[in-house]
Every structure is written in structure tokens, then in C-alpha cells.
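Chemist:
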Amino acid sequence: MDENMNILNKLISIGLSEQKAKETAKNEKLCNQLIEIINTATKYSPKGISKSTGNLLYKVGTSIKPQIQSKIELLVKYVAEEKLNTEIKVNAAIKYLMDHAEENVDIKNFETASGVGITVSPEEIEKAVEKVIARSKEELLEKRYTFNMGILMAAARSELPFADGKWVKNEVDIQVLDLLGPKDSANNLKVAQTKVKEKKKEATPTETEMPKEEEPRTITSMMKRLNFHKPGENYKTDGYVITPNTMNLIKKHLEETKGQVRTRFPPEPNGILHVGHAKAVNINFGYAEAHGGLCILRYDDTNPEKEEEKYFNEILEMVQWLGYEPAMISHSSDYFDQLYEYACTLIKKDLAYVCHQKQEELKGFNPPPSPWRKRPVEESLQLFQDMKNGKIGEGEATLRMKVTLEEGKQDPVAYRIKFLPHHRTGNKWCIYPTYDFTHCLCDSIENITHSLCTKEFQSRRSSYYWLCNALDIYCPVQWEYGRLNMNYTVISKRKILKLISEGIIRDWDDPRLFTLTALRRRGVPPEAIQKFCVELGVTGAQSVVDPQMLEAHVRDILNNTAPRTMAVLEPLKVRISLPCKTPILIDVPDFPADPSRGHHKVTFSDVIYIDQSDFREILPNNQYKRLTIGQPVGLRHAGYVISVTEVKKDENNQIIEVQTIGTPVAVSKRPKAFIHWVSEPVTCEVRLYERLFNHKNPEDSKEVPGGFITDCNPNSLRCIKNAMVDKSVKGAKIYDKFQFERVGFFSVDPDSTPDKLVFNQTVSLKEDAGKE
């Protein structure tokens, strides 16, 4: 208890409130850091620590980076002696030390860069603000208090970088008030309105300035805003470990890359990419592209048990479909010889050992320590060679690294034995490296600058840095971002294979899935996925979104790119008595809102087909505006209104034909609605889709006690074999997209043949009312 009170009193002594001190004490790492800082500061300030100095010491404790931890006493000394007496100076000092982390501190340069000894008088601030306001005087008088005063502040701070920000703001406020007079919102509003009226009077159509459009949000613009390190400045990032050879290795790295950004996208070739991977593709390729760099597609092919050639091909195909071309295609297996040598080096340094614990013994968060951890180096080296030469059976030994991960897991496995041929190296190897061992070393070999990965790999960052530094090779920087998850789906390879084996879906590209091949087959344009990823942004938070968020972007894109055509899913035959000879050809715009973008010809005859839902014998309610006996309807693009004269039925009392009379729109009373139709159509198959699962999270054991298989929606696919579409779509290619007027957006499926087109519904025209 006494010790806790002592800690709290020390924290309070630098100006923290009792509540703030208690909160800080809960953060053990920060608390220990601050106690050490306070003890050091007391040594340099025996008369005691003032509140302002205490605030700056707290600033040092919360802002110091691991890269300059060894120089913390220097910082504390200068703060305690009040040589760094403002937050601006402390920030400048920290920046200088970060920029020179690998060097011994040049005290003279350090003091100059940190503003030590510089005192800015009120007179200097007054003169600097006068100069700044003089430069903007004309615009200030015009815009008055709508002018962005932050511009004046920034300019004044540029003139006097070590001036107190509060003093600068106060001086700006005083001089602006002196120039413009008191701030009167009503008066300012009148002035603004008067100026707008004057401009409107004077302006001609050629002189009026168009409002400046905001730069559209794209992957490139988003990637440019990310606050990642510059190539060669690895040592400035949080958690990066600096060794005596770090700067030499970075220098060599810069010589080889010429300072170019290098990223990589490293999928496992044991399944198809899904929508979550699309985010990773956009981040890795997009960041490199935005900074004039390159991105490597590296297949992480270290597990021959699950890899298939088709996955390699489809991964590349999907990357290209999203709009990216890898600068190079590599495989982890390209480096198997080098990785083996690295493993031997690790053993020789007594940083890895051969272990005989079984796989089941290593399961769980806190497995028992290995009894072979202190095995002699020569013995481990010989056993590792025996593993490589096939003298030890599967599961009888592994190579483990002597390191504890951030999550507390000890000694991760580096190599395991698998007597399986590899698709690229054949039977050369019977030991294969793990992700923990392979990934960072391949990044180093390929001179990656930014190793971008999802948040779940954060716990492996320490082993990433440890392994590169243990081998004394170039160490890239790992950055993590939140992964993307989608509601109403599963993305696990095992679960998708289960759905396929149960006959619930056809394959990895079934349009009800959210694999990229499935989205492409359904008709989702890659541009919509790009916009979707931009909307999600790049944050550390995990995203769990509903499909309708993606669907909204799909509609936006297809509305401007998918030409209109007419299709009838459930046809009803209509015969029309017309005052003209038929058939005739009608010119129909591909995009009615912009006829300049092209037209197609539609046949109109005295026999057409409409959708069954567009006809009722008896008016069902006042909201029904389509065709009934006694209620005419217009035909889109045809220029005719039709009225029912007779309804023909078969022996089962089912309607087989509606007979009507057609009247030109020009001489008719305007109908309540215009409906779509087809004439001399082609028969096609249309596939309509609903969500594959009933619950947002089909893997949630509480909501779905029977497992994800029991949560499948039996109505997720509906096939209409004899739908009709206008013959203008004849010759459409696979993945061509159309908007079926009044129905939805559709894409040509690969199952199509020259004799019969098959269409997949991509999305409806608007969000379904029943969706959340």
C-alpha cells in the first residue's frame, strides 16, 4: 500500500491530478517510465519540479520512441534544467534525436535544432504577425471573418518556429480585430451577400468560375495520406529494433532499391482469394503505386499438403482483374536453399534447437517448456541435417526458435517434417519452413520496405524483427491494418469446401459466395470493389460490414456502365391491335439519361411479352398502376398505350394471352405507368440470388447451434429457365453486363452457350426494403 502511495505522490509531484495519476499508475509500462524520468529529473533539479516542467516531463514519457530510449536522460536533463522549456522545443528535440538515432549526439547541433537558448519576445511576435497580415491584407478585408485564420497562424509560426503558440494566436486575434473591427455576424452576412450579388451582376457565362471540385477519393489518394515511414527511415517507426549494424544494412538496402517503395502481396496458394483479400491487394499494390514503387506477388508456398496449381493461376488472375500487374512473381520456395542456410546459422548462434515434443503437446496458449531447449549446438545441427535427409519421421522433431512472441507464446516452430513432394521443388525437400520463419526472411531477401499485413499478425511483429536481427540481415518494417469481414458469409477454405462437398454450392466461384471469382461471376465490377475499399479506409479497427455496403457501390458503377435492355422473367403473351404495319424497328438509347452514348434496335410487333406481375384482371388496390381490365398502360420506348379487350385462358383457367388495342401516346390520355416488354425475343436462363445464410454470423454457435451448414437459406438460388430478353443482346460475351429495365443488373454467366445465354443477377435496381 505504501509503495502505491509513493508512486501516486511522485506522479502528482509533476502536476498530474490525483485521478490522472491513478489512471497512469494502471499502465505499468508508462508508469515505470515516468517514475524513472521523475527520479532523473530530481537529480538535475534539486530545488524541485515546477508544474510547467512536470507537464513537459510527462510529454517526454508519453512521446519517447524505443529507438532513442538510450538518450532519454539527455532529454530529461534539458527539460529539468529548463533549457527545453516549451512543448515546441521538446518536440523539436525528439525529432532531432529520431533523425540521428544511430549517431552519438552532437550537442551543438542538438541545441540549435531544439531552440535551446532561444527566447522570442512579444515585440518579435508582434512584428512577425504584422508582416504576415500585410501579405494577406487584401483578402482579409474582402472575406473578413470568413477568412481562414489558421493560415495566418501557420505563417507566423513559420517565421518564429520556437514562439509560444498561445502568444502567437493572441497577437493574431488582436491585429485582426484592429484591422477589421468587432466581429458582427449580421454585418458580415450582409457584406458577404452584397459581394455575391455584385459578382452575379458582373459575371458573364464565360467569366463565372466553376466551383472547385474536391479531389475524388481513390485508392491512390488514400494511400498517399497514410503516415508510413519513408524508405530508409525504418528506424523511426515504433517498436523497430536498432542493432549496431542496422544503419549499414539500411544503407546497403537503399543502394539496391535506389530508395524505391517495395511492397508484396503474399497469399497462400491453397484457396481462392476472397473480398478480405481484395482489401489487402488494394493496400499493397495501391501503396506502392501511389509512391512510384513496385509490388511483388509472392506465393507463400511452404505447405505442399494443400497447394494446387489452379490456385496459383486464379490468384494472379484476380490480382489482374482488380487492376494490378505484379512487378515480379516470386515464391517462398524460390528461397528454400537460402532459408535452410539461415536456419543453420540460427542453430550455430544457439538461437534455435531441435525439439521432439509432439504437436498435441504444443497446443494451447501455455504449453510446457521444451526439455530440449538447452540441447548442445552441434547436436541440434546434426539432428537438423538428419531431418533434412529424411532420417527422422514426420512429427518426431521440429526446429524451434528461441524467442517469446508478444502474445506470450514461446519458441515458435521454424521447420517441420513432411514427406510430401512440392509442386515446384519436387522431392528435394522433406522439411518445410513455417510462416513465422519464412515470411520476414523472404521480405528481407526481396528488400521489402513496407511489410503490410492484417492486425492478427501484430503479435508476430516481435519475432519478425528478432529473426532478421538475429541473422544480422536487413529488417523491413511491419505495419498492421484491420482485416475486413463480411456478414452473411463464410470465408474459411475448410467451410467453403464443406459447402461444395454437401452440394449446397457448386464451386469456389458460386455467385452466392464472397470469393473474388464468385463476385466476378456474379457481375460485380472491380471498380466497385475499389470504391468499397476506399470507403472502408485503412485503420487498425477490424471491419465487419453488411453486403449491402458493397452492393451500393456496385449499383453506382453499373448505373453508368451497364447498357439498358428489356427482359421479361415470367412472360405473359400480349396481342395488340395496332393502327400500323408490324414488325417495326425502334431506336432505343443504351443509356436513356444520355442518348449520346449509343443506341440499339428493338423489334416491336403485334405480339409482345410482358411480365406476369404487370397484369391483373381486376384492379387489386389503388396503388397498382399497371395493366388491368379498364386500366391502360404505356409501353416503354414504343410510343403506344395498350388497353385490354379480352383475356384468354386455358382449361385450367390459367391466362395464356391478353388481347389489347394500341393507341399512340400522342393521342391518348397519359397512363399511370409505362412497363417494359419484349417482342421476337431470345429465350435465356436467369439466376436470381438471395443471401446464402440466414444470420449475420453463420459461425456463431449461439445463433446457429447446428453449425453454419444448418443456417443455409434454401431459397438462395432461383433459376428461371425460360426468361425472355430482347435479341439486341445476342452475341454478348461472358461477364458482359446489362441493366434489365425495371428488374435489376445482370451479367452473362460462363455457362452460356451460343444457343442460350445465362444471366446472373448482380444486384437489384435498389436496396431491398427487407434488408437491414
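Taking the UniProt record's numbering, the leading residue of the sequence shown gets 1, the next gets one more, and so forth.
Note that CB positions come from ideal geometry on N, CA and C, so glycine has one too.
1. Note down, in chain order, each residue of its chain lying with its Cβ closer than 6 Å to the Cβ of ILE734, except the 5 sequence neighbours on either side.
2. So what does DSSP say about GLU18, is it helix, strand or coil?
3. What residue does the beta strand (DSSP E) around MET401 start on, and which one ends it?
4. Taking 9 Å as the threshold (C-beta atoms), are LYS348 and LEU316 in contact?
5. Can you tell me the Cα-Cα spacing of SER462 and CYS468, whole angstroms?
6. What does DSSP give as the partner residues of MET5 in its beta bridges?
7. Using DSSP's beta-bridge definition, name the partner residues of ILE296.
8. Near TYR415, which residues of its chain fall below 8 Å by C-beta distance, leaving aside the five closest residues on each side in sequence?
9. Which of the three DSSP states is assigned to ILE445 in this structure?
10. Rounding to the nearest angstrom, what Cα-Cα distance links MET149 and LEU519 in this structure?
11. Decide yes or no for the touch test of the region 45–61 against the region 79–86: beta carbon pairs closer than 8 Å, at least 3 of them.
12. Exposed or buried, ALA134, counting other C-beta atoms within 10 Å across all chains shown (16 or more means buried)?
13. Output yes or no for whether 9 Å exceeds the beta carbon distance between ARG555 and VAL763.
14. Where does the unbroken beta strand (DSSP E) through LYS721 begin, and where does it stop?
15. According to DSSP, what are the bridge partners of TRP479?
16. DSSP state of THR218, grouped into three classes?
17. In terms of residues, what are the limits of the beta strand (DSSP E) holding residue 861?
18. So what does ILE642 bridge to, in DSSP terms?
19. Select from GLY537, PRO589, PHE419, ASP700 the residue whose C-alpha is nearest the C-alpha of THR489.
20. By how many angstroms is the C-alpha of LYS22 removed from the C-alpha of MET5?
21. From what residue to what residue does the beta strand (DSSP E) around VAL538 run?
22. With 9 Å as the threshold, decide whether the Cβ of ARG483 is near any Cβ in chain D.
23. Short check: CB of GLN478 to CB of SER459, under 9 Å?
24. On the three-pair Cβ rule with 8 Å, is the region 541–549 touching the region 574–586?
25. Is the CB-CB distance between THR603 and LYS756 below 9 Å?
26. So the candidates are ILE656, PRO592, ILE576, VAL686; which of them puts its Cα closest to the Cα of SER643?
27. Classify GLU360 as helix, strand or coil using the three-state DSSP reduction.
28. Could you check the C-alpha separation between PRO476 and PRO266 for me, to the nearest Å?
29. When you compare the region 633–648 with the region 660–674, are there three or more beta-carbon pairs, one atom per stretch, that lie closer than 8 Å?
30. Looking at ASN559 and GLN739, is the spacing between their C-beta atoms short of 9 Å?
31. Which term fits ASP411, buried or exposed, when burial requires 16 or more other beta carbons within 10 angstroms of its beta carbon?
32. For the region 514–597, which segments carrying the beta strand (DSSP E) assignment without a break, of at least 3 residues, lie completely within its bounds, in sequence order?
33. Is it buried or exposed, ARG626, if we count other Cβ atoms within 10 angstroms and call 16 or more buried?
34. Going by alpha carbons, who is nearest to ASP606 out of VAL633, VAL678, GLN654?
35. Suppose you measure from the CA of PRO326 to the CA of PRO421; what does that come to, to the nearest Å?
36. Whose C-alpha, out of SER13, PRO369, LYS418, is nearest the C-alpha of ASN389?
Modeler: Result, derived from the coordinates:
1. Within the sequence shown, numbered from 1, the residue matching residue 734 stands at position 734. The answer, listed in chain order, is VAL748, PRO750.
2. Looking up residue 18 in the sequence shown gives position 18. In this structure, GLU18 counts as helix in the three-state DSSP scheme.
3. Taking the sequence shown and counting its residues from 1, one reaches residue 401 at position 401. Where MET401 is concerned, the enclosing beta strand (DSSP E) stretches over 398–401.
4. The residue given as residue 316 occupies position 316 in the sequence shown. The residue given as residue 348 occupies position 348 in the sequence shown. Not closer than 9 Å, so no.
5. In the sequence shown, the residue the question calls residue 462 occupies position 462. In the sequence shown, the residue the question calls residue 468 occupies position 468. Straight-line Cα distance between these residues: approximately 10 Å.
6. One-based indexing of the sequence shown puts residue 5 at position 5. Beta-bridge pairing links MET5 to no other residue.
7. One-based indexing of the sequence shown puts residue 296 at position 296. Its beta-bridge partners are ARG264, MET328.
8. For the purposes of this step, residue 415 is taken as residue 415 along the sequence shown, with counting starting at 1. Contacts found: ALA343, PHE384, MET387, THR398, LEU399, ILE431, TYR432, PRO433, THR434, PHE437.
9. The residue labelled residue 445 in the question sits at position 445 within the sequence shown. ILE445: helix per DSSP, three-state reduction.
10. In the sequence shown, the residue the question calls residue 149 occupies position 149. In the sequence shown, the residue the question calls residue 519 occupies position 519. Their backbone Cα atoms lie some 49 Å apart in a straight line.
11. yes
12. Locating residue 134 in the sequence shown gives position 134, counting from the first residue. Result: exposed.
13. Looking up residue 555 in the sequence shown gives position 555. Looking up residue 763 in the sequence shown gives position 763. For ARG555 and VAL763, yes; Cβs fall inside 9 Å.
14. If you number the sequence shown from 1, residue 721 lands on position 721. First-last of the beta strand (DSSP E) with LYS721: 717–725.
15. Working through the sequence shown from its first residue, we reach residue 479 at position 479. Looking at the DSSP assignment, TRP479 forms a beta bridge with LEU452.
16. If you number the sequence shown from 1, residue 218 lands on position 218. Coil.
17. Any question about residue 861 goes unanswered here, given that the chain covers just 1 to 772.
18. Along the sequence shown, one-based indexing puts residue 642 at 642. ILE642 is bridged to VAL633, GLY662.
19. Your numbering for residue 489 matches position 489 in the sequence shown. The option with the nearest alpha carbon to THR489 is ASP700.
20. Residue 5 sits at position 5 when you count from the first residue of the sequence shown. Residue 22 sits at position 22 when you count from the first residue of the sequence shown. Each residue's alpha carbon lies about 10 Å from the other.
21. On the sequence shown, residue 538 is found 538 positions in, with the first residue counted as 1. It is not in any beta strand (DSSP E) - VAL538 carries neither H nor E in the DSSP assignment.
22. The structure shown contains no chain D; it is built from a single protein chain.
23. Reading the sequence shown from its first residue, position 478 is the one you call residue 478. Reading the sequence shown from its first residue, position 459 is the one you call residue 459. Contact flag unset, no.
24. no
25. On the sequence shown, position 603 is the one that residue 603 refers to. On the sequence shown, position 756 is the one that residue 756 refers to. Not a contact, by the Cβ cut-off of 9 Å.
26. Looking up residue 643 in the sequence shown gives position 643. Comparing Cα-Cα distances from SER643 to each of ILE656, PRO592, ILE576, VAL686, the minimum goes to ILE576.
27. As a working mapping, residue 360 is identified with position 360 in the sequence shown. Helix at GLU360.
28. Within the sequence shown, the letter at position 476 stands for residue 476. Within the sequence shown, the letter at position 266 stands for residue 266. Distance between the alpha carbons of PRO476 and PRO266 is about 15 Å.
29. yes
30. Here residue 739 is taken as the residue at index 739 of the sequence shown, counted from 1. Here residue 559 is taken as the residue at index 559 of the sequence shown, counted from 1. Against a cut-off of 9 Å, the Cβ pair of ASN559 and GLN739 comes out as a contact.
31. By 1-based counting over the sequence shown, the position of residue 411 is 411. Buried: at least 16 other Cβ atoms inside 10 Å.
32. 543–545, 571–577, 584–589
33. As a position in the sequence shown, residue 626 is number 626, starting the count at 1. By the neighbour-count rule (16 or more Cβ atoms within 10 Å), ARG626 is buried.
34. In the sequence shown, the residue the question calls residue 606 occupies position 606. Per the Cα distances, VAL678.
35. Locating residue 326 in the sequence shown gives position 326, where the first residue counts as 1. Locating residue 421 in the sequence shown gives position 421, where the first residue counts as 1. Distance between the alpha carbons of PRO326 and PRO421 is about 27 Å.
36. For this step, residue 389 is matched to residue 389 along the sequence shown. Among SER13, PRO369, LYS418, the Cα nearest to that of ASN389 belongs to LYS418.
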